[in-house]
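Chains as they are written, first to last, in the working numbering: chain A, 24 to 787; chain B, 429 to 515.
For each residue, glycine too, the CB sits at the ideal point set by N, CA and C.
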């Protein structure tokens with residue numbers, strides 16, 4: 024801070040330092056959304072557009088012996104029918120997944136449309152485009168598919184057994200380049216090791232060993248997947264998609280269909296939630312192929328059943344954990360085995376589960392074994408802090424059990440063992456500046472935690488959580504208009520209000536109101552390459568690109584003003600939207616006035632910025648929950664919930680609070696209600712929101728939030744990602760609260776009423 | 429010289445040596461040197477001339493997308509970490 028600046032003691036540090044950052048402006052896209060004018064995926068309408076529908080497998084595991092589409096093709100109104108045979112042969116081609124390297128393309132193609140085998144109930148096997156959705160549905164009934172039904176494998180541990188039915192005859196366990204001698208459902212095994220695990224357990228006074236399970240759960244975004252494709256006869260393909268990453272769709276469709284990226288434009292529509300589930304492609308290549316065959320635009324919209332059956336839920340998981348602590352409450356060792364379901368094809372998020380599991384603590388002796396396992400469920404996708412809730416649920420439950428054994432306050436335990444800058448993480452990389460301890464201290468000191476909880480069958484639970492966050496590549500294009508406003512095109516699709524949080528960072532640099540920045544989400548032809556809206560990275564990385572764009576425009580304005588005034592540019596400054604000389608001659612001009620002047624002269628002021636920052640810094644949260652358990656019905660009522668989280672710097676505090684509240688609600692759903700129910704044949708039995716029960720505002724109290732700000736030194740404004748970590752602590756916090764309420768620990772999610780009653784019966 | 433951390437699953441190849449100083453200009457050079465010390469280790473890290481899929485290279489805490497071509501500053505810490513994707 025400028026030492027000569029007058030400090031107003033009534034203002035916070037942020038208020039004194041910034042004009043825009045830390046304020047709560049109305050979102051730029053708000054009016055369109057509340058008036059229903061915003062265009063979502065299913066709203067796209069084009070002249071001559073056809074409607075695509077997908078035929079899905081009634082079996083969880085079967086060979087596809089033949090597909091006969093002749094009768095469907097003959098139906099009046101049907102313009103195109105497709106199967107996997109219409110995709111170019113994936114053969115041994117690979118898909119480039121950036122930091123994940125080159126992976127075989129065939130599983131990605133087969134997940135979009137099965138070729139030789141279906142590996143989950145609802146797997147796509149054929150598709151139709153017709154003049155109406157009803158004709159398309161009728162045509163699906165005319166497609167004849169001959170299956171050879173195989174036994175399904177629905178549980179991760181059963182899938183790992185030697186004699187388990189195999190999903191893929193050509194899948195061998197990969198242990199960092201060493202392949203198993205025979206095929207297996209275990210796609211990979213990886214490991215992290217720190218210190219000496221035997222020595223660590225030898226130093227422990229108390230050792231616990233437990234098993235924990237998480238059910239398969241879905242992201243539950245409100246808007247189903249929708250894609251519209253228009254493949255022109257000249258070979259150019261345009262797509263309108265609800266997606267977390269327009270460039271990711273472009274890359275995936277380019278790879279599956281072998282169409283050059285130069286002939287493929289993806290236009291992202293508004294998006295009604297994604298939480299990681301709208302990164303993979305499903306109907307996009309299907310709509311494209313149908314459009315090419317029909318020579319008309321084709322829209323493919325999923326219904327809710329299709330979303331549940333055939334889009335990525337997150338991994339069901341099994342965790343075996345052994346930990347040791349001293350009488351003083353120091354963690355001496357942790358040994359764990361994580362087995363995550365990948366769904367029908369390899370690629371779960373078990374690696375992230377391993378990295379995050381002990382990140383809130385400094386554990387010097389640990390071993391983490393991670394297994395990626397295929398089962399006959401939909402191919403898993405990312406889900407808000409993917410992988411972290413499963414593993415951290417186990418660690419946080421066991422830590423609470425230790426606290427009871429030691430009669431130690433859970434916050435004190437966490438502060439004693441809490442991770443700090445320089446501590447080595449499980450993969451060997453030291454923590455950067457993090458806010459783990461500060462977050463825990465704020466939770467300990469808050470009014471909720473300091474207020475005693477009273478009453479029968481009531482308990483208070485505490486849990487912490489970590490999410491790694493991400494940087495990746497982001498781009499923006501900014502242009503100064505003649506009226507002094509700035510048009511800002513962003514490559515990141517806007518899920519959580521990021522148009523505004525990105526625009527605020529540019530506005531801060533120029534000292535203009537954020538309402539003078541006009542942000543929009545651009546298509547893949549109109550902005551630089553930008554990776555997905557995921558990893559809690561957009562306000563961090565795309566915001567940084569906007570910051571750079573602001574700095575560039577600022578420099579250009581100073582240069583132009585200096586040229587007009589015939590002074591050196593070092594004698595010109597820009598503050599609060601006004602450019603002025605600093606040499607004492609008192610010349611000044613507002614950005615609006617200068618913009619008008621430059622516009623008249625035909626001088627263009629703007630910037631195109633691309634960044635790939637890495638210092639994203641991890642995010643920490645500590646949550647407190649009070650519950651009441653009905654011992655007769657097993658119903659768990661959330662009485663009060665407080666989420667405390669380090670945001671680094673809260674650019675728009677309302678958005679940060681909203682992310683915290685949303686993450687908590689999803690975490691509570693995961694803890695108490697949500698679960699994929701499969702019958703013995705591997706059929707999903709609850710593929711609607713009536714039967715797949717997510718919490719609503721009627722189920723929960725207002726979620727209280729406390730934002731802690733430990734600025735991330737790796738960002739110009741100190742930003743850390745905030746969107747994902749709040750889903751991590753709730754599962755364990757609720758389990759720990761139930762344990763404190765009724766003396767029974769539950770290690771399997773969800774902790775549904777029947778599970779609670781069963782546990783209470785077993786106890787009594 | 430760079431300090432190279434050996435991935436846990438390869439400790440059996442190195443006789444439980446977990447990290448060591450290795451000479452080399454690039455990450456690829458470091459792996460070549462490791463291969464001389466511990467035959468077979470290159471095939472576990474490199475596939476078809478590229479870093480094996482599912483692995484990421486961290487040098488002094490930063491992911492290096494240049495992978496095998498990345499020029500390693502002296503005394504850098506080099507780690508091979510299972511690559512992760514999120515959302």
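Quick check on residue i - is its C-beta less than 7 Å from some C-beta in chain A?
i, result
"residue 515 of chain B", "Because the pLDDT at residue 515 of chain B is just 49, under 50, the model does not fix this residue reliably, and the point stays unresolved."
"residue 481 of chain B", "yes"
"residue 509 of chain B", "yes"
"residue 490 of chain B", "yes"
"residue 486 of chain B", "yes"
If you measure from the beta carbon of residue i to each beta carbon in chain B, is any gap under 7 Å?
i, result
"residue 213 of chain A", "yes"
"residue 64 of chain A", "no"
"residue 243 of chain A", "no"
"residue 216 of chain A", "yes"
"residue 671 of chain A", "no"
"residue 222 of chain A", "no"
"residue 135 of chain A", "no"
"residue 790 of chain A", "Residue numbering for chain A in the displayed model covers 24 to 787; residue 790 of chain A lies beyond these limits and cannot be assessed."
"residue 126 of chain A", "yes"
Hey, how far is the Cα of residue i from the Cα of residue j?
i, j, result
"residue 874 of chain A", "residue 421 of chain A", "Here chain A has residues from 24 to 787 only, and residue 874 of chain A is not among them."
"residue 539 of chain A", "residue 314 of chain A", "41 Å"
"residue 361 of chain A", "residue 425 of chain A", "21 Å"
"residue 256 of chain A", "residue 131 of chain A", "26 Å"
"residue 788 of chain A", "residue 65 of chain A", "What is shown of chain A runs 24 to 787, which leaves residue 788 of chain A out entirely."
"residue 104 of chain A", "residue 307 of chain A", "15 Å"
"residue 758 of chain A", "residue 264 of chain A", "39 Å"
"residue 24 of chain A", "residue 550 of chain A", "Residue confidence for residue 24 of chain A is low, a pLDDT of 33 falling below 50, so the modelled location carries little weight and cannot support an answer."
"residue 490 of chain A", "residue 445 of chain B", "30 Å"
"residue 597 of chain A", "residue 726 of chain A", "41 Å"
"residue 273 of chain A", "residue 288 of chain A", "7 Å"
"residue 437 of chain B", "residue 378 of chain A", "16 Å"
"residue 577 of chain A", "residue 533 of chain A", "6 Å"
"residue 546 of chain A", "residue 291 of chain A", "6 Å"
"residue 26 of chain A", "residue 599 of chain A", "Any answer about residue 26 of chain A is weak, because its pLDDT of 33 lies below 50 and its placement is not dependable; what the coordinates show is given next. Spanning the two alpha carbons is a distance of roughly 18 Å."
"residue 58 of chain A", "residue 555 of chain A", "27 Å"
"residue 166 of chain A", "residue 155 of chain A", "17 Å"
"residue 433 of chain B", "residue 449 of chain B", "9 Å"
"residue 109 of chain A", "residue 280 of chain A", "9 Å"
"residue 686 of chain A", "residue 678 of chain A", "12 Å"
"residue 365 of chain A", "residue 192 of chain A", "16 Å"
"residue 305 of chain A", "residue 134 of chain A", "8 Å"
"residue 30 of chain A", "residue 42 of chain A", "Residue placement at residue 30 of chain A cannot be trusted, given a pLDDT of 43 that sits under 50; the coordinates are not used to answer."
Please list the partners that residue i has in chain B, where partner means a Cβ-to-Cβ separation under 7 Å.
i, result
"residue 198 of chain A", "437"
"residue 201 of chain A", "472"
"residue 451 of chain A", "433 and 507"
"residue 386 of chain A", "Under the 7 Å cutoff, chain B gives no residues; its nearest Cβ is about 15 Å from residue 386 of chain A."
For residue i, verify whether its CB is less than 6 Å away from any heavy atom of the ligand GTP.
i, result
"residue 271 of chain A", "Among the ligands in the structure shown, none appear at all, so the ligand GTP cannot be discussed."
Within 7 Å of any Cβ in chain D, is that where the Cβ of residue i sits?
i, result
"residue 637 of chain A", "The chain labelled as chain D is not found among the protein chains of the depicted structure, namely A and B."
What residues of chain A sit near residue i, judged by a beta carbon separation below 8 Å?
i, result
"residue 475 of chain B", "200"
- Query: What alpha helix (DSSP H) runs, 4 residues minimum, are completely inside the region 366-418 of chain A?
  - Reply: 373-379
- Query: With contact counted as at least three CB pairs below 8 Å, one residue from each stretch, are the region 715-730 of chain A and the region 658-677 of chain A in contact?
  - Reply: These segments touch.
- Item | Any 3 or more C-beta pairs closer than 8 Å across the region 611-629 of chain A and the region 639-657 of chain A | no
- Query: Do the region 551-561 of chain A and the region 742-762 of chain A make contact, defined as three or more Cβ pairs closer than 8 Å?
  - Reply: yes
- Does the region 444-461 of chain B come within contact of the region 496-507 of chain B, defined as at least 3 CB pairs closer than 8 Å? yes
- Residue ranges of each beta strand (DSSP E) run of no fewer than 3 residues wholly in the region 78-132 of chain A, ordered along the chain? 85-91, 101-105, 117-119 and 125-127
- What are the start and end residues of each continuous alpha helix (DSSP H) run of 4 or more residues lying completely inside the region 738-768 of chain A, in chain order? Runs found: 753-765.
- Query: Can you give, in chain order, each stretch of the beta strand (DSSP E) that sits fully within the region 420-507 of chain A and has at least 3 residues?
  - Reply: 481-490 and 497-503
- Those runs of the beta strand (DSSP E) which lie wholly inside the region 189-242 of chain A and span at least 3 residues: Here the runs fully enclosed are 209-217 and 229-237.
- At least 3 beta-carbon pairs within less than 8 Å: the region 758-770 of chain A vs the region 472-486 of chain A: yes
- Curious, which full-length beta strand (DSSP E) runs of at least 3 residues does the region 245-269 of chain A contain? Segments of the beta strand (DSSP E) lying fully in the region 245-269 of chain A: 249-254 and 260-264.
- Entirely within the region 431-469 of chain B and at least 3 residues each: give me those beta strand (DSSP E) ranges in chain order. 447-450
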